[in-house]
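Going down the list, the protein sequences come from chains A and B. Counted the way this note's numbering counts, the first sequence spans residues 27 to 167. Counted the way this note's numbering counts, the second sequence spans residues 433 to 554. Notes to accompany the following structure.
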Amino acid sequence: MSSVVVRDYIIPANDFTIAGDASSNVRKILSQIGVAPDIVKRTSIAMYEAEINAVIHGNGGQAHVEIDENKIVIIISDQGPGIADLELAMQEGYSTAPDSIREMGFGAGMGLSNIKKNSDILEIKTAVNEGTTVYITVFFK
Amino acid sequence: MYSERRNMKIPEIAEIIKAEICTKNYDPTIEIYSACSADLMSDVMAFSKSNALLLTGLINPQVIRTAEMMDIKAVIFARGKKPLESMIEMAEEKGIVLMATDYPLFVASGKLYKNGIHGRGE
Ligand SMILES: Nc1ncnc2c1ncn2[C@@H]1O[C@H](COP(=O)(O)OP(=O)(O)O)[C@@H](O)[C@H]1O
Ligand SMILES: [Mg+2]
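The structure is reproduced here in structure tokens:
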């Protein structure tokens with residue numbers, strides 16, 4: 027099946043004014059093509075949390091998005107420190123974010139679980155000192 | 433002394449917590465069903481109710497971003513914090529109402545709860 031929309035975004039490191047721009051743009055596209063509001067919301071939450079993680083933990087990275095008539099696939103990757111214990115990182119409340127990040131409103135340790143709850147398929151590939159890639163799929167029906 | 437859960441419109445909310453409405457041209461017919469008070473944005477994103485209001489002590493562009501992702505209709509900044517002009521512009525663009533109150537977060541939340549906006553909406 028051919029993709030109807032393909033987009034690529036750069037996610038700059040430590041820039042909190044533009045963090046979320048990619049998610050905001052994808053959200054607009056989904057609304058414009060008539061995806062149901064609750065699906066737009068689930069996709070937005072999952073992508074935004076992954077985008078923020080790339081900013082605060084991964085030294086920035088990139089997003090690749092493919093949308094066809096049935097689903098959206100979002101791939102967010104970074105070349106940062108990677109996650110040593112993914113099972114631990116997935117636990118609600120677990121965070122290595124410093125206080126400076128928590129003062130900005132992030133670092134609740136809920137990001138990965140919010141991504142899992144809001145995506146239909148989630149796959150995370152990560153290696154210490156190599157980086158992290160998060161694959162999120164949300165079906166439209 | 434406590435009101436049954438009910439929906440509320442922006443002007444009434446502003447009156448109850450003596451808030452200044454910072455954004456222009458908002459829709460006075462928007463109905464708020466539920467509310468969430470938080471300073472950590474992932475806690476907000478773990479909360480999924482429609483037509484919600486966010487009360488927060490945090491003030492930065494990511495609050496507006498989070499509200500956008502969550503379809504949150506209005507954000508109240510507590511304890512006298514005022515949004516920057518750039519945040520107001522961003523919110524207006526996204527159709528989100530911004531309000532600022534001098535009450536601390538706990539008191540602002542309590543006043544709204546007492547008047548009928550509960551955490552659980554439709
Ligand atoms: N892209 C990433 N690169 C490196 N570490 C990450 C990445 N994403 C998540 N982590 C690790 O997993 C932990 C939990 O992530 P998350 O649930 O999003 O919570 P938070 O971002 O609030 O810390 C982070 O504190 C961090 O240690
Ligand atoms: Mg996170």
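Just so it is clear, CB atoms sit at the ideal spot from N, CA and C, and this is done for glycine as well.
- Is it right to say tyrosine 465 of chain B is buried, meaning 16 or more other beta carbons lie within 10 angstroms of its own, or is it exposed? So tyrosine 465 of chain B counts as buried.
- Query: Looking at C-alpha atoms only, which residue of B/Glu444, B/Glu436, B/Ile449, B/Met440 is the closest neighbour of glycine 542 of chain B?
  - Reply: B/Ile449
- Query: Any idea if threonine 43 of chain A is buried or exposed, counting beta-carbon neighbours within 10 angstroms, 16 or more meaning buried?
  - Reply: exposed
- Item | Sub-7 angstroms separation of aspartate 104 of chain A and glycine 157 of chain A beta-carbons | yes
- Within 6 angstroms: the Cβ of asparagine 79 of chain A and any heavy atom of ligand 2? yes
- heavy atom of ligand 1 below 6 angstroms from aspartate 41 of chain A C-beta: Answer for aspartate 41 of chain A: no, Cβ out of range of ligand 1.
- Query: According to a CB-to-CB cut-off of less than 9 angstroms, which residues of the segment 137 to 166 of chain A neighbour chain B?
  - Reply: Gly137, Ser139, Asn140, Lys143, Asn144
- Message: If you follow the beta strand (DSSP E) that leucine 530 of chain B is in, where does it begin and where does it stop?
- Response: 529 to 532
- Indicate the three-state DSSP secondary structure (helix, strand or coil) for glutamate 554 of chain B in the structure shown. Unreliable placement is indicated for glutamate 554 of chain B, whose pLDDT of 48 sits below 50; the coordinate value is still reported in the next sentence. Glutamate 554 of chain B: coil per DSSP, three-state reduction.
- Query: Name the chain B residues whose beta carbon is nearer than 8 angstroms to that of glutamate 95 of chain A?
  - Reply: Here the premise fails: no neighbours, minimum Cβ distance about 23 angstroms.
- First and last residue of the uninterrupted alpha helix (DSSP H) at valine 539 of chain B: For valine 539 of chain B, the enclosing alpha helix (DSSP H) has its first and last residue at 537 to 546.
- Query: Quick one: is threonine 43 of chain A near chain B, going by C-beta distance under 7 angstroms?
  - Reply: yes
- Could you have a look at leucine 148 of chain A and say whether DSSP puts it in helix, strand or coil? strand
- Assigned exposure category for serine 474 of chain B - 16 Cβ within 10 Å defines buried: buried
- Query: For arginine 33 of chain A, which of A/Gly60, A/Pro107, A/Ile150, A/Ile55 has the nearest alpha-carbon?
  - Reply: A/Ile55
- Message: Here's the rule: buried if 16 or more other CB atoms are within 10 angstroms of the residue's CB, otherwise exposed. What is leucine 516 of chain B?
- Response: exposed
- Task: Indicate whether isoleucine 147 of chain A and glycine 87 of chain A have their beta-carbon atoms separated by less than 7 angstroms.
- Result: no
- Item | Interface partners of tyrosine 74 of chain A on chain B, CB under 8 angstroms | Against chain B, a Cβ distance below 8 angstroms from tyrosine 74 of chain A picks out Met477, Arg497, Thr498, Met501.
- Message: For the alpha helix (DSSP H) containing serine 480 of chain B, name the first residue and the last one.
- Response: First-last for serine 480 of chain B: undefined, no H or E at that position.
- Task: Just the chain A side, please: which residues come within less than 8 angstroms of asparagine 492 of chain B by C-beta, in chain order?
- Result: Phe42, Met130, Gly131
- Task: Below 8 angstroms between beta carbons is the criterion; list the residues of the segment 452 to 467 of chain B that meet it against any residue of chain A, in chain order.
- Result: none
- For the segment 441 to 482 of chain B, which segments carrying the beta strand (DSSP E) assignment without a break, of at least 3 residues, lie completely within its bounds, in sequence order? 466 to 469
- Inter-residue spacing [alpha-carbon to alpha-carbon] between alanine 72 of chain A and threonine 152 of chain A: 18 angstroms
- Query: Where do the N-terminal and C-terminal ends of the beta strand (DSSP E) with valine 160 of chain A fall, by residue?
  - Reply: Start and end: 157 to 165.
- Query: Buried or exposed: where does isoleucine 59 of chain A fall if 16 or more other Cβ atoms within 10 Å of its Cβ makes it buried?
  - Reply: Under this definition isoleucine 59 of chain A is an exposed residue.
- Interface flag, glycine 87 of chain A vs chain B, CB-CB below 7 angstroms: Not a single C-beta of chain B is nearer than 7 angstroms to the C-beta of glycine 87 of chain A.
- Task: Please indicate yes or no: does the CB of glycine 106 of chain A lie closer than 6 angstroms to some heavy atom of ligand 2?
- Result: no
- Item | Any non-hydrogen atom of ligand 1 within 6 angstroms of isoleucine 109 of chain A CB | yes
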